[in-house]
Amino acid sequence: MQLFISVLRPLEEASDACDLIIVVPEDAVVGDLAAALDRALPVSAPGQSLRLVVSAGEPVDAPPSSLWHGPRRLDPQAPIGSGSIRNGMLLGLGAAVLDDVEPVGVVELRVIAGRGAGAVHRLSLGGYTLGGPEGDIALEGEAGREKIADLTVSQGGRVFLSPVPGVAERMVPLPLPRRRPLPGPLVLAAKEDEKPSKRRRRQKRRKRKGKAPEPILSGREVLEPDGQRHFLELDRRPLKGATLWPEKAVLTVGESLLVLSPVPAADAVTSPTPGAPTINFNRPPRLARPIRVTKFTLPREPEQPRKPPFPFAMMLSPLVMGAGMYLLTKRIYSLLFMVLSPVMMIANQIQGRSYNKKTYKDNLRKYEDQRDQAEDAAFKALTEERGLRRSDAPDPAELLLRATGPRAELWERRPADPDWLDLRVGVADLPSDVEVDDPARAKHEEPLRWTAPDVPVTVHLGELGVVGVCGDRCHEVATWLAAQAAVLHSPAELQMVLLVEPVRGENPAGRWAWARWLPHLRNRGGDGRPGPGRRR
C-alpha cells in the first residue's frame with residue numbers, strides 16, 4: 056500500500072512539512088509508521104518528496120513519537136489499512152497540528168481578480184479593517200499599503216462599508232488607449248427602476264418640441280468604460296460615505312476586485328474507499344445552464360395617419376343630382392336625397408377620422424408597451440450578464456473552495472462541453488453579448504451594443520492547442536492556468552505533464568512543489584511518481 060501524506064514536527068520551530076511517499080505493508084499499524092517517521096525525519100532537503108518503506112513489527116530502541124491528525128491523537132495499534140490514515144493528510148509527529156477544517160463565518164469576502172486573487176476571508180459579526188499592514192483583511196499591491204475602509208458585519212450578514220477620508224476621492228490614472236474601441240457605454244444596474252409612464256411622458260415632450268427621440272435604454276445610468284475612475288468603487292460607482300455592500304456586488308480597490316458571498320457548504324458526496332487510503336468522490340452530472348437570450352428586436356413605430364382631403368366634389372354631386380331630379384319629377388323625395396346625402400358624407404368623413412385616430416392611439420400604446428418590455432428585457436440581460444459570465448469562468452477564490460471543500464462543482468466540465476479547457480486569464484471590460492436591433496435605424500447600421508464591465512477574459516486551450524505565457528508574472532499566470540485546469544477537469548479525462556526548465560538561481564521543483572498533489576500528473580501506474588520524461 057502507498058500513502059501520500061505530509062508530516063510536520065510541531066515541537067521544532069524550524070521544522071517544515073515534508074511531502075512523503077510511503078510504502079507500508081498490509082498489516083502495518085500506526086505505531087510502525089510513527090517509528091519509521093521518527094527515524095527518517097527531518098530529511099536533508101525539506102519540501103522534497105521522500106520514499107519511505109515501513110516494515111511491520113520492526114523493533115525500536117525507544118518508544119516512537121505519537122502521530123496526530125489535527126487535534127486528534129491516532130491510536131498506535133490501529134491498522135493503517137483500516138482508514139485511520141488517508142492520502143493528503145497533514146500529520147503531526149509528537150504533537151497536534153493545526154486543524155485543516157474551514158473557518159466559520161456569517162459572510163465570505165473573496166478577492167476574485169487583481170493582486171492577491173484567490174484569497175478568501177470568513178467574517179463573523181463585528182468590525183473589520185480593510186487594507187493596511189495591520190488590517191484585519193490584508194490586500195496586496197497598492198491597496199495593501201494603507202487602510203482603505205472599515206467593514207461592519209451586522210445581523211443577517213449585512214455588511215456596511217465606510218471608506219477612510221480621502222480614499223473615496225482618489226482617482227486612478229487613465230488606462231492606455233485601446234486598439235479597438237468598445238462598442239458602447241457601460242449600463243449600470245439601476246438603484247430604482249424608472250416607471251415606464253415617466254419615460255413615455257418625457258418622450259412625448261421631446262416629440263412635441265421637435266427633438267430627436269431618446270436613445271435605447273434611456274433613463275438608465277451609463278458610464279464611459281475608458282473614462283476617469285476612482286480608486287474605490289462599488290459596482291463602478293464611487294463610494295460616498297457609509298454604504299451597504301450588497302451580496303455579489305463588486306468592490307474595486309485599485310487593481311483588485313472583491314465580492315461578498317454567502318458561506319458555501321461543502322456539499323460534495325464522498326465516502327472512504329474500503330481497503331485503500333483514498334476517498335471516493337461522487338461526481339454528479341452537470342446541469343445544463345439556461346440559455347441566455349442576448350438578441351432583442353424593438354417593434355416598429357406605427358405611422359401617424361394623414362388627414363384625408365375633404366371631398367367637396369363628391370359632396371356637391373348629390374346636390375346637383377337631387378336638384379335635377381326634382382325639376383324633372385317634381386317629387387319631394389328628390390329634395391330629401393339632395394339634403395341628406397351631404398350630411399351622410401360629412402358624418403362618414405368624421406367617423407373615419409375618429410376611427411383612424413383611435414386605431415393609431417391603440418397601435419401607439421401597444422408599440423410603447425412592447426418597446427418598454429424589450430428595453431427592460433435587454434436591460435435585465437445587460438445587468439445579469441456580468442454575473443453569468445463570471446459563473447461560466449470561475450474566479451480563483453471559487454476554484455479554491457471547490458477543491459478544498461470539496462464541493463459538488465469539482466471536475467464539473469466534460470470533454471463534450473463547449474467550455475472544455477476554456478481557461479480564465481483575467482478580467483476586463485469587454486463587448487457585451489447583448490444586441491438590440493432597432494428597425495428605425497438604417498440597414499447599413501449595426502445593431503446597438505454596449506460594454507460588459509469586469510468580465511472574465513478566457514483562452515480556449517482546447518481550440519488553440521498551445522498558449523504561451525510571458526511577462527513579469529508569467530510564473531503566477533502559468534500556475535493559475537495549471538491549477539484551473541486541474542480543478543475544472545477530472546483526472547480520468549485530462550492528463551497533465553509538467554516540464555520545468557531550470558532557471559539560474561531558482562529551484563523550479565520547489566516553485567511547483569504543490570503540483571505533486573495533482574492526480575492529473577500521476578502516471579497510469581498510479582504510484583504517484585512522475586513518469587519517465589514527465590518532469591525535466
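So the sequence shown is numbered by this note's numbering: it starts at 56 and just counts up by one. Built from N, CA and C at the ideal position, the CB exists for glycine as well.
How should residue i be labelled, buried or exposed, when 16 other C-beta atoms within 10 angstroms of its C-beta is the threshold for buried?
| i | result |
| --- | --- |
| residue 82 | exposed |
| residue 73 | buried |
| residue 199 | buried |
| residue 361 | exposed |
| residue 398 | exposed |
| residue 569 | exposed |
| residue 9 | Nothing about residue 9 can be reported from this structure: the residues present for the chain run from 56 to 591 only. |
| residue 539 | buried |
| residue 457 | buried |
| residue 102 | Bear in mind that a pLDDT of 44 at residue 102, under 50, signals an unreliable position, so the model cannot answer this. |
| residue 99 | Low per-residue confidence applies at residue 99: pLDDT is 49, beneath 50, and the placement is therefore not dependable, though the value from the model is reported in the following sentence. Classification of residue 99: exposed, given that the 10 Å Cβ count is below 16. |
| residue 124 | buried |
| residue 77 | buried |
Just confirm the distance between the C-beta atoms of residue i and residue j, as a whole number of angstroms; I'd bet it's less than 8 Å.
| i | j | result |
| --- | --- | --- |
| residue 338 | residue 466 | 6 Å |
| residue 175 | residue 543 | With a Cβ gap of about 18 Å, residue 175 and residue 543 do not count as contacting. |
| residue 96 | residue 148 | 6 Å |
| residue 91 | residue 122 | Going by Cβ atoms, the distance from residue 91 to residue 122 rounds to 11 Å, so no, they are not a contact pair. |
| residue 141 | residue 160 | Actually they do not touch by this definition, with Cβ atoms about 27 Å apart. |
| residue 492 | residue 353 | 7 Å |
| residue 219 | residue 180 | Residue 219 to residue 180, Cβ: 22 Å. No contact. |
| residue 315 | residue 555 | Not confirmed; about 38 Å, so no contact. |
| residue 56 | residue 332 | 7 Å |
| residue 131 | residue 79 | At roughly 14 Å, the Cβ-Cβ gap does not stay under 8 Å, so residue 131 and residue 79 are not in contact. |
| residue 278 | residue 291 | 6 Å |
Which two residues bound the contiguous beta strand (DSSP E) that contains residue i?
| i | result |
| --- | --- |
| residue 484 | 477-492 |
| residue 88 | First-last for residue 88: 85-95, but that is the alpha helix (DSSP H), not the beta strand (DSSP E). |
| residue 122 | 122-124 |
| residue 517 | Counting along the chain, residue 517 falls outside any beta strand (DSSP E), though it belongs to the alpha helix (DSSP H) covering 516-519. |
| residue 315 | 311-316 |
| residue 168 | 162-168 |
Got a sec? Which residues, its chain only, sit under 7 Å from residue i by beta carbon, not counting five neighbours each side?
| i | result |
| --- | --- |
| residue 213 | 299 |
| residue 29 | Past the edges of the chain, shown from 56 to 591, lies residue 29, and the structure says nothing about it. |
| residue 487 | 437, 440, 504, 505, 506, 507 |
| residue 145 | 61, 63, 72, 152, 155 |
| residue 511 | 444, 445, 448, 479, 482 |
| residue 513 | 448, 477, 478, 479, 480 |
Quick one: what's got a C-beta closer than 6 Å to residue i's C-beta in the same chain, skipping five residues either side?
| i | result |
| --- | --- |
| residue 172 | 166, 451 |
| residue 594 | Shown here, the chain extends from 56 to 591; a query on residue 594 therefore has no answer. |
| residue 138 | 327 |
| residue 485 | 507, 510 |
| residue 551 | 575, 576 |
| residue 463 | 322, 323, 339 |
| residue 572 | none |
| residue 276 | 243 |
| residue 210 | none |
| residue 336 | 325 |
Which residues in the same chain have their Cβ closer than 8 Å to the Cβ of residue i, if we skip the five residues on either side of it in sequence?
| i | result |
| --- | --- |
| residue 490 | 349, 350, 351, 502, 503, 504 |
| residue 408 | 362, 363 |
| residue 532 | 480, 524, 526 |
| residue 472 | 341 |
What are the start and end residues of the alpha helix (DSSP H) that includes residue i?
| i | result |
| --- | --- |
| residue 445 | 387-447 |
| residue 539 | 529-543 |
| residue 276 | Here residue 276 belongs to no alpha helix (DSSP H), and DSSP marks it neither H nor E. |
Check your understanding: Touching or not, the stretch 202-218 and the stretch 284-300, by the rule of three or more beta carbon pairs under 8 Å?
Key -> yes
Check your understanding: Counting Cβ pairs, one atom from each stretch, are 3 or more of them under 8 Å apart for the stretch 515-529 and the stretch 473-480?
Key -> yes
Point to revise | Stretch-stretch touch, CB-based, cutoff 8 Å, three pairs: the stretch 149-158 with the stretch 339-352 | key: no
Check your understanding: Does the pairing of the stretch 300-311 with the stretch 183-198 give three or more beta-carbon distances under 8 Å?
Key -> yes
Review point. Per the contact definition of three or more C-beta pairs closer than 8 Å, is the stretch 218-230 in contact with the stretch 289-296?
Key: yes
Exercise for review: Decide if the stretch 543-555 is in contact with the stretch 569-579; the criterion is three or more beta carbon pairs, one per stretch, under 8 Å apart.
Suggested key: yes
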